[in-house]
Amino acid sequence: MKPSNSAPTKPWNARETVGLTILILVVFFSISSAIALFFVILQMVQDPSLTPEAVLAEIETDGLVLSLATLISGIVTSGMIYALLKVRPAFTVKQYLALRKPRWSAWFIWNGLLLALILLSESILRSFEYQDTFTAELYQTAQFPILLYIAIVGIAPVFEELLFRGFLFHGLQSSRLGSGGAIVITAVGWAILHVQYGPLVISQIVCFGLLFGVARWQTHSLFVPLSMHCLNNFLALLTTSLQHP
Numbered sequence: 003m004k005p006s007n008s009a010p011t012k013p014w015n016a017r018e019t020v021g022l023t024i025l026i027l028v029v030f031f032s033i034s035s036a037i038a039l040f041f042v043i044l045q046m047v048q049d050p051s052l053t054p055e056a057v058l059a060e061i062e063t064d065g066l067v068l069s070l071a072t073l074i075s076g077i078v079t080s081g082m083i084y085a086l087l088k089v090r091p092a093f094t095v096k097q098y099l100a101l102r103k104p105r106w107s108a109w110f111i112w113n114g115l116l117l118a119l120i121l122l123s124e125s126i127l128r129s130f131e132y133q134d135t136f137t138a139e140l141y142q143t144a145q146f147p148i149l150l151y152i153a154i155v156g157i158a159p160v161f162e163e164l165l166f167r168g169f170l171f172h173g174l175q176s177s178r179l180g181s182g183g184a185i186v187i188t189a190v191g192w193a194i195l196h197v198q199y200g201p202l203v204i205s206q207i208v209c210f211g212l213l214f215g216v217a218r219w220q221t222h223s224l225f226v227p228l229s230m231h232c233l234n235n236f237l238a239l240l241t242t243s244l245q246h247p
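In this note's numbering, each number is its position in the sequence shown, counted from 1, plus 2.
Here it is as C-alpha cells:
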C-alpha cells in the first residue's frame with residue numbers, strides 16, 4: 003500500500019526516537035515490576051512473617067521471576083515497536099529495522115570478533131578478581147533452566163536489539179548524529195540497562211555494544227548483532243551452568 007500524501011515520509015527524528023525509546027522502556031520495566039510485585043505479594047501471603055524488604059531482595063535475583071518478567075515484557079514491548087513502525091508507511095518494518103539477510107561471511111567474521119572480545123574482556127575481569135554472582139544466583143533459582151535460556155538467550159536479545167540497534171539506531175543515524183553517534187549512544191544506553199552489574203561489567207557491556215553497533219552499521223543488517231547478542235548470553239549462561247551444576 004502506498005503512503006498517502008499526508009503520511010510521514012521520514013523516520014522518527016532523533017527527539018521522537020529517544021522519547022519513544024524511553025516510553026517503550028518504561029512499559030517494559032512497568033510490566034516487569036508488576037510481575038515481581040505479584041510474586042512479592044504471593045510470598046508474603048504464604049509467609050506473613052516475611053517483610054517486603056526481605057522478599058524484594060530475594061526476588062531481585064530469582065531466576066524464575068526474571069524469566070517470566072523478561073518473557074512477558076519483552077514480547078509486549080517488541081509488539082509496541084512493531085506498532086510504532088506501522089505508522090511510518092514510507093518504510094516497511096523490515097526496512098526500518100534492517101531485517102535483511104547478510105552474507106554468510108559476515109556471521110563468522112563478526113561473531114569471531116565477539117569471541118575475541120569476550121576472551122580479552124574476561125581476562126581483564128579476572129585480573130581484577132571479579133566474580134559474576136548475579137548470573138549464578140539467577141541460574142540456581144531458575145527452577146526451570148530451559149525457561150531462563152529462552153528468556154535470556156532468546157527474548158531479551160530480540161527485544162533489546164529491536165529497540166537499540168533497530169529502532170533507536172535508525173532514528174539517530176538518520177539525524178545529525180549520524181552513524182557514529184548512533185553507535186555510541188545505543189551502546190551506552192543499552193549498557194545503562196544492566197545496572198545490576200558493577201562498573202567493570204558495565205564497561206564490558208559498553209564495549210560489546212560498540213561492537214554490535216559497528217556490526218549493524220557495516221553489514222546493514224540487524225541479524226548480525228542479534229546473533230552476537232544471543233551468542234554472548236548463551237555463553238554466559240552455559241559457563242554459569244558448568245560452574246554451578
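Idealized CB from N, CA, C, for every residue including glycine.
Let's test the definition: count the other Cβ atoms within 10 Å of the Cβ of residue i and tell me whether it reaches 16, buried, or not, exposed.
i	result
Gly191	buried
Phe169	buried
Asp49	exposed
Val197	exposed
Glu162	buried
Phe166	buried
Leu70	buried
Trp106	exposed
Leu25	exposed
Ile83	buried
Val67	buried
Ala153	buried
Arg90	buried
Leu202	exposed
Ser129	exposed
Ser32	exposed
Gly180	exposed
Distance, Cα to Cα, residue i vs residue j?
i	j	result
Thr63	Lys12	42 angstroms
Gly215	Ser223	10 angstroms
Ala108	Leu86	29 angstroms
Leu213	Glu124	16 angstroms
Ala189	Ser51	43 angstroms
Ile207	Phe93	31 angstroms
Gly156	Thr53	34 angstroms
Trp14	Tyr98	10 angstroms
Leu47	Ala100	Going by the sequence as given, residue 47 is Val instead of Leu. Near 47 angstroms, if we compare the C-alpha coordinates of Ala100 and Val47.
Val95	Lys103	14 angstroms
Ile204	Asn234	14 angstroms
Thr19	Ser176	10 angstroms
Leu195	Ala217	21 angstroms
Thr221	Trp112	10 angstroms
Asn7	Ala36	Caution is warranted here: a pLDDT of 48 is assigned to Asn7, below 50, making its placement in the model unreliable, and no coordinate value can be reported.
Cys232	Leu115	14 angstroms
Pro159	Phe236	10 angstroms
Leu239	Glu139	11 angstroms
### the stretch 57-66 / the stretch 114-129 touching (three or more Cβ pairs under 8 angstroms)
In short, these stretches do not touch, since the Cβ pair count stays below three.
### Query
At which residue ranges does the stretch 99-174 contain complete alpha helix (DSSP H) runs of 4 or more residues, listed in the order of the chain?
106-129, 135-142, 147-151, 158-163
### Query
Between the stretch 137-151 and the stretch 232-243, are three or more C-beta pairs nearer than 8 angstroms?
yes
### Task
Flag this pair as touching only if the stretch 177-189 and the stretch 38-54 have three or more C-beta atom pairs under 8 angstroms; answer yes or no.
no
### Query
Can we say the stretch 224-236 touches the stretch 124-136, given the rule of at least three CB pairs closer than 8 angstroms?
For the pair of segments examined, the stretch 224-236 was found not to touch the stretch 124-136: the number of CB pairs separated by less than 8 angstroms stays below three.
### Task
Scan the stretch 163-244 and note each continuous alpha helix (DSSP H) run of 4 residues or more that stays entirely inside, going in chain order.
171-175, 180-194, 201-221
### Task
Give, in chain order, every unbroken run of the alpha helix (DSSP H) that is at least 4 residues long and sits entirely within the stretch 41-105.
54-61, 65-88, 95-99
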